[in-house]
Structure formats: C-alpha cells, structure tokens
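This report refers to the structure that appears directly beneath it.
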Amino acid sequence: MANVPDNLHYSKDHEWVRVEGDTAVIGITDHAQEQLGDVVYVELPKPGESFPANESFGSVESVKAVSEIFTPVSGEITEVNESLSDEPEKVNKDPYGDGWMIKMKMSSPGEVDSLLTAAEYEDFTKAEE
Amino acid sequence: MITKVTTHISPHERLIFERSQPGRAGYSLPPLDVDEQPLGEIIPRELQRDDNLAGMPEVTEVDVIRHFTRISTWNYSIDQGMYPLGSCTMKYNSRLNEKVARIGGFANLHPLASEAEAQGALEVIYELQQHLAEITGLPGISLQPAAGAHGEMTGIMIIRAFIDARDGKEKSAQRRTMLIPDSAHGTNPASAHLSGFTVKTIKSTAEGLTDLDHLRELCAHGDVAGLMLTNPNTLGLFERNIREICEIVHEAGGLVYMDGANMNALVGVARPGDMGVDVIHLNLHKTFSTPHGGGGPGSGPVCCTKELEPFLPVPRIVAQTSVYDGETDEHRLKSVPLRLDFNYPQSIGRVKAFYGNYGMMLRALSYILTHGREGLREATEAAVLNARYIAHALVTDYEKPFEGSPMHEVVFTDKRQARKGVHTLDIAKRLIDYGFHPMTIYFPLIVSGAMLIEPTESVGHQELDQFIDAMRSIAKEAAEDPELVLNAPHSTRIGRLDEAAAARKPVLRWKPKLAESHSTATP
Amino acid sequence: MRYIPNSPNERAEMLRRIGVDSIENLFDSIPEGLRLRRPLNVPAALSELELLKKFDEMSNRNLAARRVSFLGAGAYAHYTPTIVDHLISRSEFFTAYTPYQPEISQGTLQAIFEFQTLVCQLTGMDIANASMYDGSTAMAEAVLMAERVTRRSKVIASSAIHPEYLDVAHTYVQHAGIELQHLPFNAETGTTLADGLSALDEKTAAIVVQSPNFFGCIEDLQMLADKAHAVGALLIVVVTEAISFGLLKSPGARGADIVVAEGQSFGVPLSFGGPYVGLFATREKYARQIPGRLVGEAFDAKGRRGFVLTLATREQHIRREKATSNICTNEGLIALAATIYLETMGPRGIEAVATQCAQKAHYAARKISEIGGFSLPFSAPFFNEFVVRAPTEAASLLRKLASENGIDGGIALSRYNAERPNDFLVCVTETNTRQQIDALVEGIGSLIH
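Protein chains in written order, with this note's numbering: chain A, 1 to 129; chain B, 1001 to 1523; chain C, 2001 to 2449.
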C-alpha cells in the first residue's frame, strides 16, 4: 500500500507539493516511485528557471523507463536537490523527505487549492489500477 | 522433456586487459622496405603520439584465440537452437552466404574503384534491387541504408521531400504530423522525429488492429503527412483493412510507410505495393537471413512507388538498358554496363558514405537465389505454420489477448501467472534454464507483460515441441513453486545482474589500476 | 528446401494437429484480392554449385580487386591477421542476437566492453559507445549531439572533410533545424583556415574537422579546440584512417569534445564499401547524451562481475521520439573484428603498422614529386595520404595507369570537385611494397614522357 501523507497536496501526474510559506517543495509520490522501480537518474532544472503549472521541469529514470515530471504549480526554482545526482535512490527510499526534488517560489499560491487532497489522490490512484 | 544446451569452459575468463603482460605481442609485419627517414622529419614531434598507447593490451596470438574462444561459449546462438524472438526473425544464417561474402573479388574491392572495373559488384546490387522490387511490389529502391532504423529515417525523409515538392514549403509546413500506432517499434517515432515530424498515436481496436474511426478522426485535421505501420502488425496480426487504411490516408493527402520488419509472413504470398503502401524498409538481417552478429551489421533497403523514386538517396545503380527477364529463367544479366547515377536533383541526398552494407547485400542475394521462387514462398508458409503451431499449443497455459489467427508471430501475456506473483521477466529467465533464449518481452507496449514469440521457419517440430513443453512446465512451476521461477536463471555462469546499480554509477570501460593505491580507479 | 527442417509430411501432420485444412488456410486473414496468385518473378533455386559459379563469375569481373592499389579516401587496404576472421566466424559470435538477455550473452557483452575501452584509449576520450554504422553516420550523429548538448543550432564544418561525409551530414540535419556551414581550407597548406572562422560565435554548437583530412593533411586541432571553447562550442574531430591513431597524438589530447572515426582499417575487409564500423567517443559529462548502445559493468547477487547494456533510457525503445538517436542495430560483428584486430596487433603492432604506412607514403610522395611536371600542392604534414598535382588531367592518367600498368594509382579529385581536374589522392599502406611504389612512380612517369 503506497504511502499518502495527509499534509500534502497532490497532482494527477503523481507529484506532491508541501507548502512552506510561499515556497512549494515538490517531488514524486510513493505510488510513482513504486511504479518506476529503482530510480537511477533524475534530471533537474537549475535555480532561477521558471515554469508555469503543468509544464515538465525534468525527468526521472529507472533502468527500463523514463518519466517526465510536471510541476503542479507555477513559479521560479529557488533550490534543487543536488544530492540526487549521487544518490538517486533517495527517491525510492524517502520520496516525501530526502527524495524531494525542487523548491519553488510560487507565483500564484492559490493554485494549490485546485490540487488533490490526500484522500482524493488515494481514490485517484485506486481508480487508475 | 527438458534439454539443457549450455556448457562452459573457463567461466572465469577475465578482460583481455587483465591478461596483458608487458612485452607480449601477437603481430608479424614484413620489415620496412623503403629508406627510413627519422620520424621527426616526416611527422613533427608535437603531432606524434606520446602516451605509448598505454593501457592497450599486450598479448600473444594464443592469448587472443583462447580469450575469444572462451567468452564465445558464454553466448547462446542460432546454431545452438531456436530464438523465439518476436519481431527479430532469427532464422538460419547459412554458411554458403558467408562463403559468398568472402570471395576475394568482392571482399577486396575498394568502393571507389572505377565503375568499369567493378561491374560484377554493381551487378550484385542491381540484381538484388530487382528481386526486392519484385518481392515488395514496389519498383523504386535504394540499398544504401545500413539498418532498419536507418531505412526508416530514409523512407520518412522521402515522404517529407515528396510533400514539400507537391505542396510547396509553406503548405507543407502545415503537414507535420506522422501517425504511429500505439503498438509500434520505438525506432518508428524516433525516425519520424529526425524528419521534423511530430508524432500522434493511433489506437488499436479490441481485436488488435488499427482503429479506422480513430484514423479517420486524426486524418480529418488536415495536418497528416503520413502513417507508419507494420503489417502484419507487432501483435502478429494481418491488418486486413490495409487497403482502406491506405485510401483514408491518401485521401487526406498523406502517404503510407510500412515497417517491413514482419515481411517473413508475406514473401511470395502478398506484396506491400499491392496493398497501397507507398514506401517500405526491409531488414536484410531479419527476413533475408543475414546474421545478427551480436548487434549488427544490418541492412535496411528502402523500396517505394514510382512517384517517390526521384527522392531516393544517391547514387543509384542503374543499367544502360534493362535486360533481366525472369520468364526465361535467366540467372545472369547480360553484360551491360552498370553505373552510378548521381543525377537526381530531388534526391534527399546521401544517407551513408559509399553504397550501403555491401557484404550483407551479397548474403541476401545468395539467400534469395538459394531459395528461389518456390523456396521463398515455402519459407513464409513454414514460418507461419510454426508460429500457429505454438499459438495453438500454448493457449492452454497462457493468456492470449487477441482472438485473431496470428501470422508468423504470436503474443501472450503473463496475466495468469501474475496472480501468483510471477511475471514475464521471470518466465523469460526461467526459459533460459530449459536451454532456450527467451522470447521478446514487454513489446509491444500495448500488451501488459507481453511475450512475443516468433519461431521462424528454421525450427523443426521436435524443437517446437520441446519449447512448448518448457513453457508448459514453467506455467506449472509458476502455479506450484513460484520461487523457482522468480529466482531464475539457475544454470548460467552469472545470475540476474543489478542493472540499477550499473545505471546509477556507469562503468563503461576498463581502467588500469594506478600504481599507488588510494585511487578510486576501477580495476 | 534444405534450410527448412520440417519436411512436407511433418508440415501436413502439424496442420492436422492444429486443425487447419491446408497451408493456404494459414493465410485466410489476408483478403483474397491481396493474395499473390502467381509465383514470384525471381529465378528458380540454384544449387550450391551453380550459385558459387555465378558469384565467382561476377567477382571475376571486378578487375580492380586484383590490381595493385593506392586507393584511400575513407576505405583502406590493410593486412588483417588470419585469426580475426576465424574468431568472428564462430557461430556463438556471428549468429548471436543483440545482448538484451545478459545471462546468455556475456561473450558479446564482454567483447563490446573491451571494444569501448580500446576506442577510448586510441581516441584519448572518456567513454565510447558500442558502434555506429560507419564514420560518415557517426559524424552526422555527432553534429546532432552537439546541438542537444549546447542547445545551439549552428555547426561549422571544414570543407576539407571527406565530401561524402559532408553529404551525409547535410542529409541528417536538413529537418533538424540545424544550419551546417562550411569552413574553407587554405590552398597552400591544405588545412582548415584559422582566419576563416568569422562565422564562429555564441550561436555555434560545434566546429567539425577531419584529421588527417580528406587531402591527407594533419590539422591543427588544438588551435581549433581553443577557438571553439572560447565561445562555448564543441570540437568534433573526424578520423577516416583509424590506423593514424597509432602514430599521431590522440584527438582527445588535442582538445576534442567528440571524436568519431571509421574503424574499417582495423581488420575489416574493403568489401565495396561495407559493412564498416563507426567509432564514437566523448567526455564523461556527456554520457547521457551519447547515441548508440553502451555496455557497462554490473554484478549479480553473488558478487560475480558481468556486463550489461546500460543507460538504455537514452535509446529509441524507451525514449522513442525523444531518443538521442533512432539507432537500434549497429555494427556488432564488425566492432568485434576491430576488437580482435587491435588486441592481436597490440600497441606495438598498431605503432609499427602506422609507422610503416607513414614511411612508405613519404617515400612515395618524395619519388613522385621528383617526376618532372608533378608536384605536391599542399605543404602541411601528412600521415599516409597525399595529393599529387599532375601536368595533365588526372582521371585519364589514372585510367591509363590501370589498363596499361595494372595499377590503381589513386583517386582523381575531379570525382568530387570539377575545379581540381589535375589532382589525385594517393594512399599508401603497409601492404604496398617498395616494388609496387617504384612501379607506380615509373608508370606515372612513363605515361607523361
């Protein structure tokens, strides 16, 4: 059973958002990392780059698959988890903690309201199966 | 009845670099017979190599022979037994073809030799062109592409050039969509991308065939340059609506490209040109038996309609007059000069230096002449019969997702076995213990846990029965003793490799150990 | 048909078992209107005897295969040790499939790992792939890779690159949104102009140069590398005569970012232009942008070392239209031949062959330049190929030399450039004896005087 913490917001593309003031911390969900398998590489943008909501900001690779990652909210990248280049397996081991991918200064904080709650995301993933 | 076919000697053979001993040498050269000049006078010192080619292995001839002989025994190969690899057509690689390719008059011929002194070589190309045109029903042909994907790129560029010429640059810019089925081989969208097209995916019906309604819907946008499809498709099913599919695309202003990977189901029975297809690539290393060589060389000729001929790559090999006549059973062209013709202003250009993978053309021509018109058809019939035989036998134990009668290959899924936690990958690995190379797995993508099986005509019914027994046995193991399957293979010199670790920290070459240790250099 | 194991009787029995009436019925899913109702218009089957006679007869008409030859320009006549062909003829190597199932393909995989290592050593680079189709397509793919890596769309290529290679590059970039410009070469030295680099700016993805170039001249790679790097562009170096790696400083040591080469000189027969093998090597930091297959080291649960295809997410079967290349089948067996050649020759052997090539070529060049009316138009240092300027039209001179003296003395440059009617390119390798070179010199001389 995949883990779906309550205090986060979720997107249909299997990303999570943790709101810290006007910063969004973003990563991929436990369900997503389970589907992918062992993560071998994460391609991330650079601080300073901006993205509108739902645009792809990078990709995550396993041995046999590659998946684009989409930002659920709009904003400018302030920090990127550099440790993932040496330890991509953090995404599998701790997708909501050490496996975080980017931190973004949100340009429209209200966008999080249209994301899914934990319960809604759980239902969504069940329906997908 | 299980037959284990692998035996190994020296399973611990290391890398050649680990065999290297300073001072060993495996070469012999005649002594220099011209006046020797000090090297610095002919090549300035600063341009000379100064690293002594350090790290290159120093071994004797015996070392090389032992090394490669030993590691060769770790490979499975066609001569050992069947490769049930769907989409790969792993048929017998005849030794006669190898002999032909090594005839001195071909093997020692420089590609830039004058045409007058290479007429025999040009005749091979010309004759092969004619036979492939007859087999496909498409008169235009180039043998220049070096592999299937290369042929695809060439064929799609031809489509692009045709549309540019027909519609003009401005209108053609509105037509940048290439339709590709969800069951297509990955090279298809990759090749389309190289010609500046964006890909839109066409759905398949529950029957596994192209969804005509979806096709019509996508064509109605008016931006479709073409459709790429495989026939029989990657599920092994013949697209019986192929004529209609081609009409729909043509009416919408597009062209139809056929991936010829599955020609082994069609040779002598049906021809893509008669189906309305505009351009096709062939895989000489599949249908025409040229050897896979552990990953090539291949050869991917492109065949097309008369309308598309002007866009073919240059040079083209042409005869001053056409004299071949199959009716009279003449094996030889009369001696008419053959030449290289570059005068095709609308050509897409060269796709490779020289003329293509010539050595594979020799082998393919030898294959065609050895089979002859009867044998070619017989091979197709035997290939389809073998696949149908396997399909019939395995439905008892494996889930066959599509009802239709498969042609030369059949697809199953791991649905039944997955209930016990055993998946396609595990079944494939367990098949190794039974002495077979696994079938194609996880392709096509539209079938979950796909197992695509293509025996080809080169397998006798006893071996087919052995394969069927092995698969049945594995199905039983999956139900009664899943651990056995999950931990397979048990009989190889190494087990499943940690591919994730290999991809995280790739080590792609050997490096010498540094003299003082503390280094992180890879041994 | 003797390659089909099941006899007609066995096939009949199989049909019965699966409940199909006849062979014809196997094709019921093909509409009647599409069925070919006549035999294919190809010849009837030939026996081995007849077939070999036919091919022998055709091969006998390839007179050039038996001539003493000084032809180069992208394909080279070198001596291949006997064991190369024997080893690649082992069925475990040549009939084997692509090593997607590593447990039963370790022979192929280990050989490719050795190949990748050797290519790195020779080119002076960090990583190399499992091969491309040939030097010309490897160069085209390098151009595409430079665009991916730098996200710039202008590429400047020396016009002293092999003309067929430039043609292929143009074909590949025509729809890729890449502008391929040409860089002139110096008519005196025969090398690429430094001052012709006015087009080099921050929009340039790469400079592409061949060394030794099409005229045989060795280019100033360090200078070109410095100029490219100053604007953030890459230097792509192309090598057609791979034996030159044995004597010349590696492109990696002279600033190259991507090195591509034709590997045919390493134990691969001329075979009228193919199959050959493309070498592709680059820096470690570009590992995820390199096209083609890669073999990496891996370990099983018991800690045993093996090899496996890796970083496959770059490739077409996973990344599809976003792949680094559409390449699937490459030149596996030819790469194996090259590997066996290099390991048999070893560093001293490669050096010795390269040295003999250079010495013999310089001997030939000296002697030819001593013939009245003949000169060597380019002054730059060369390895084993050089251009000769004749006092008459080169193409007809060479034709006469072939028919009257039985020697293929070189390649008339008019084949590629009508503005060079009197120039021809001569290549000398370790297989050309002093007698042959002397005969060439005498032959040329006698045809003029």
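All C-beta atoms, glycine included, are put in the ideal place defined by N, C-alpha and C. Given the structure is predicted, the values throughout are model-derived calculations rather than measurements.
Partner residues on chain B for C/Arg2037, Cβ-Cβ distance less than 9 Å:
As a first step, residue 2037 of chain C must be located in the third sequence, where it is residue number 37. Residues of chain B passing the Cβ test: none, with the nearest at roughly 10 Å.
Under the assumption that C/Thr2433 contacts B/Asn1075 (Cβ atoms under 8 Å), give the Cβ distance between them as a whole number of angstroms.
Position 433 of the third sequence holds residue 2433 of chain C. Position 75 of the second sequence holds residue 1075 of chain B. At roughly 40 Å, the Cβ-Cβ gap does not stay under 8 Å, so C/Thr2433 and B/Asn1075 are not in contact.
Tell me whether the stretch 1397–1415 of chain B and the stretch 1215–1230 of chain B touch, counting them as touching only if at least three CB pairs, one residue from each stretch, are closer than 8 Å.
no
Using a C-beta cutoff of 8 Å, does B/Lys1352 count as contacting chain C?
Looking up residue 1352 of chain B in the second sequence gives position 352. Yes, contact with chain C.
CB contact check: A/Ile64 to chain C, cutoff 8 Å
Position 64 of the first sequence holds residue 64 of chain A. Reading the sequence as shown, one finds Lys at residue 64 of chain A and not Ile. Yes, A/Lys64 counts as interfacial toward chain C.
Over what stretch of residues does the beta strand (DSSP E) that includes A/Met104 continue unbroken?
Working through the first sequence from its first residue, we reach residue 104 of chain A at position 104. Looking at the DSSP string, the run of the beta strand (DSSP E) that includes A/Met104 is Ile102 to Met106.
Could you name the residues of the stretch 2282–2296 of chain C whose beta carbon sits closer than 9 Å to any beta carbon of chain A, in the order they occur along the chain?
Arg2288
Grab the span of the beta strand (DSSP E) containing A/Ile28 for me, first residue to last.
One-based indexing of the first sequence puts residue 28 of chain A at position 28. A/Ile28 -> beta strand (DSSP E) spans Thr23 to Ile28.
As assigned by DSSP and simplified to three states, the class of C/Pro2251:
Here residue 2251 of chain C corresponds to residue number 251 of the third sequence, with the count starting at 1. In the structure shown, C/Pro2251 sits in a helix (DSSP, three-state: H, G or I).
Within its chain, find whatever has a CB closer than 8 Å to the CB of B/Leu1109; leave out the 5 residues flanking it on each side and keep chain order.
Translated into positions along the second sequence, residue 1109 of chain B becomes position 109. Only Ala1118 and Ala1121 meet the Cβ criterion.
Any C-beta of chain C within less than 9 Å: which residues of the stretch 16–49 of chain A qualify?
Val40, Tyr41 and Glu43
C/Met2014, enclosing beta strand (DSSP E) - first and last residue:
Position 14 of the third sequence, counting from 1, holds the residue named residue 2014 of chain C. No beta strand (DSSP E) holds C/Met2014; the alpha helix (DSSP H) holding it covers Pro2008 to Ile2018.
If I measure Cβ to Cβ from C/Lys2400 and keep anything under 7 Å in the same chain, skipping five residues before and after, which residues do I get?
To locate residue 2400 of chain C, count along the third sequence from 1; it is residue 400. Cβ within range, chain order: Leu2447.
Are the C-beta atoms of C/Gln2181 and some chain B residue less than 8 Å apart?
Translated into the one-based positions of the third sequence, residue 2181 of chain C becomes position 181. Output row for C/Gln2181: interface = no.
Kindly list the residues whose CB is nearer than 6 Å to the CB of B/Arg1377, restricted to its own chain and excluding five residues on each side of it in sequence; keep chain order.
As a first step, residue 1377 of chain B must be located in the second sequence, where it is residue number 377. These residues qualify, in order along the chain: Gly1268.
Between which two residues does the beta strand (DSSP E) holding C/Phe2182 run?
Here the question's residue 2182 of chain C lines up with position 182 in the third sequence. In the sequence under discussion, the amino acid at residue 2182 of chain C is His, which differs from the Phe named in the question. Its beta strand (DSSP E) spans residues Glu2179 to Leu2183.
Chain C within 8 Å of A/Glu79, Cβ atoms only
In the first sequence, the residue the question calls residue 79 of chain A occupies position 79. For A/Glu79, the answer is no, since every Cβ of chain C falls outside 8 Å of its Cβ.
Candidates C/Gly2410, C/Gly2443 and C/Ala2364: closest to C/Glu2404 by CA position:
Locating residue 2404 of chain C in the third sequence gives position 404, where the first residue counts as 1. That would be C/Gly2443, whose Cα lies nearest to the Cα of C/Glu2404.
Should C/Met2145 be flagged as near chain A, meaning a C-beta pair shorter than 8 Å?
On the third sequence, position 145 is the one that residue 2145 of chain C refers to. Chain A contact via Cβ: absent.
Go ahead and label B/Asn1343 buried or exposed: buried means 16 or more other beta carbons lie within 10 angstroms of its beta carbon, across all protein chains shown.
Here residue 1343 of chain B corresponds to residue number 343 of the second sequence, with the count starting at 1. Result: exposed.
Test: C/Arg2319 CB closer than 8 Å to a CB of chain A:
Working through the third sequence from its first residue, we reach residue 2319 of chain C at position 319. At least one chain A Cβ lies under 8 Å of C/Arg2319.
Would the beta-carbon of C/Ile2330 fall within 8 Å of that of C/Ser2105?
If you number the third sequence from 1, residue 2330 of chain C lands on position 330. If you number the third sequence from 1, residue 2105 of chain C lands on position 105. A small correction: the amino acid at residue 2330 of chain C is Asn; Ile does not occupy that position in the sequence shown. No. Outside cutoff.
Count the other CB atoms within 10 Å of the CB of A/Ser56; is the residue buried (16 or more) or exposed (fewer)?
One-based indexing of the first sequence puts residue 56 of chain A at position 56. Looking at its Cβ environment, which holds fewer than 16 other Cβ atoms inside 10 Å, A/Ser56 is exposed.
Can you pull out the residues from the stretch 83–101 of chain A whose beta carbon lies closer than 8 Å to at least one beta carbon of chain C?
none
When the Cα of C/Thr2389 is compared with those of C/Phe2383, C/Ser2414, C/Asp2408 and C/Ala2402, which residue comes out closest?
Against the third sequence, residue 2389 of chain C aligns to sequence position 389. It should be pointed out that residue 2389 of chain C corresponds to Arg in this sequence rather than to Thr. Selected option, being the one with the closest Cα: C/Ser2414.
Do the stretch 1360–1372 of chain B and the stretch 1123–1134 of chain B meet, that is, are 3 or more Cβ pairs less than 8 Å apart?
yes
What is the DSSP secondary structure of C/Cys2328, counted as helix, strand or coil?
Residue 2328 of chain C sits at position 328 when you count from the first residue of the third sequence. Correct three-state label for C/Cys2328: coil.
From C/Met2001 to C/Lys2053, what does the alpha carbon distance come to, in whole angstroms?
Here residue 2001 of chain C is taken as the residue at index 1 of the third sequence, counted from 1. Here residue 2053 of chain C is taken as the residue at index 53 of the third sequence, counted from 1. Each residue's Cα considered, the two are about 20 Å apart.
For B/Ala1521, is the classification buried or exposed, using 16 other Cβ atoms within 10 angstroms of its Cβ as the cut-off for buried?
Here residue 1521 of chain B refers to the residue found at position 521 when the second sequence is read from its first residue. Because the pLDDT of B/Ala1521 is 35, which lies under 50, any placement of that residue in the model is unreliable, and the number read from its coordinates should be weighed accordingly. Result: exposed.
Rounded straight-line distance, which links the Cα of B/Phe1017 to that of C/Gly2346:
Position 346 of the third sequence, counted from the first residue, corresponds to residue 2346 of chain C. Position 17 of the second sequence, counted from the first residue, corresponds to residue 1017 of chain B. Their Cα atoms are separated by approximately 11 Å.
Within 7 Å of chain C by C-beta, residues of the stretch 1106–1132 of chain B in sequence order
Phe1106, Ala1107, Asn1108, Leu1109, His1110, Pro1111, Leu1112, Ala1113, Ser1114, Glu1117, Ala1118, Gln1119, Gly1120, Ala1121, Glu1123, Val1124 and His1131
Could you check where the alpha helix (DSSP H) with B/Ala1161 kicks off and where it finishes?
Working through the second sequence from its first residue, we reach residue 1161 of chain B at position 161. That run of the alpha helix (DSSP H) goes Gly1148 to Ser1172.
Exposed unless 16 or more other CB atoms sit within 10 angstroms - verdict on C/Ser2417:
Counting from 1 along the third sequence, the entry for residue 2417 of chain C is found at position 417. The sequence shown places Asn at residue 2417 of chain C, not Ser. Exposed.
Taking just the CA atoms, how far does A/Glu87 sit from B/Val1062?
As a position in the second sequence, residue 1062 of chain B is number 62, starting the count at 1. As a position in the first sequence, residue 87 of chain A is number 87, starting the count at 1. Spanning the two alpha carbons is a distance of roughly 44 Å.
Three-state secondary structure (DSSP) of C/Ala2439:
For the purposes of this step, residue 2439 of chain C is taken as residue 439 along the third sequence, with counting starting at 1. Correct three-state label for C/Ala2439: helix.
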